[in-house]
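Contents: one structure, followed by commentary.
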Amino acid sequence: MVEEMIEKSLAEAVEKHREGVVIMIELPAEHYLEANSVIVKSLTSTGYDGTYISFQRPFKNLSSLLTQQGIDINKLLFIDAASAFAEEIQEKNPRCIHISPAVDIDELVRAIYTSLPELKSEKRFIFIDSLTTIALYKPLSETMRFCEFLIKTVRKRGVQKIILIFNVAKDLAQKKFIRDIALRVDQVISVVK
Numbered sequence: 013m014v015e016e017m018i019e020k021s022l023a024e025a026v027e028k029h030r031e032g033v034v035i036m037i038e039l040p041a042e043h044y045l046e047a048n049s050v051i052v053k054s055l056t057s058t059g060y061d062g063t064y065i066s067f068q069r070p071f072k073n074l075s076s077l078l079t080q081q082g083i084d085i086n087k088l089l090f091i092d093a094a095s096a097f098a099e100e101i102q103e104k105n106p107r108c109i110h111i112s113p114a115v116d117i118d119e120l121v122r123a124i125y126t127s128l129p130e131l132k133s134e135k136r137f138i139f140i141d142s143l144t145t146i147a148l149y150k151p152l153s154e155t156m157r158f159c160e161f162l163i164k165t166v167r168k169r170g171v172q173k174i175i176l177i178f179n180v181a182k183d184l185a186q187k188k189f190i191r192d193i194a195l196r197v198d199q200v201i202s203v204v205k
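With the working numbering applied, the sequence shown covers 13 to 205.
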């Protein structure tokens, strides 16, 4: 049921905003992994290539899970912030951009800029698996700056159609900084249990 609701809402948002769209998805924490797979599978199966910024799961784990779900990870480039937060050793892979354990916002921004031209399709997306996770590790001002950069990137004239999706924990959706971001997005999709 959650799967169908996400797929339907996402398809409607993409159809409504043909020149690109910024979407915030409010999710109960227990549905994050399921929702992430549904979102990525839905987009990649309709011709999109994307940059997946993972704050929750290391690349090795995430790529294995997505492959098991039938998702073609060759349509994705990953930015592995989860391994950086955990200070894990990061193995080299051409599909993954690793960042330093400091998880500097400017470094994330550079990684995103670097990844977008590498995507083969003209239909592109940027997916952030958990905006609330980065907010646990970084000052809110830095989290807001990161979101502002991404939103401006999507809205910039002359840029190919890009979809930007932020996942946020539903129980934190009423926090002021999440509400501030929600004011800047095109659509908020709220997933119920």
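No residue lacks a Cβ here, since even glycine has one placed at the ideal position from N, Cα and C.
- Secondary structure of L89 (DSSP, three-state): strand.
- Taken through DSSP and simplified to helix, strand or coil, F178 comes out as strand.
- Between K135 and G82, the beta carbon gap of about 19 Å keeps them out of contact (Cβ cut-off 8 Å).
- In the three-state reduction of the DSSP assignment, D84 falls in the coil class.
- Annotated three-state conformation of V26 is helix, per DSSP.
- Per DSSP, reduced to three states, the secondary structure at T58 is coil, with no helix or strand assignment.
- Only residues of its own chain outside the window of five on either side were considered, and among them A181 have a CB closer than 6 Å to the CB of A41, listed in chain order.
- Beta-bridge partners of V200 (DSSP): M36.
- L176 is a Cβ neighbour of I163, given a cutoff of 9 Å.
- Inclusion of D61 and S133 in the CB contact set at 9 Å is warranted, their separation being smaller than that value.
- Within the DSSP secondary-structure output, C159 pairs in no beta bridge.
- For R122, the uninterrupted alpha helix (DSSP H) segment begins and ends at I117 to S127.
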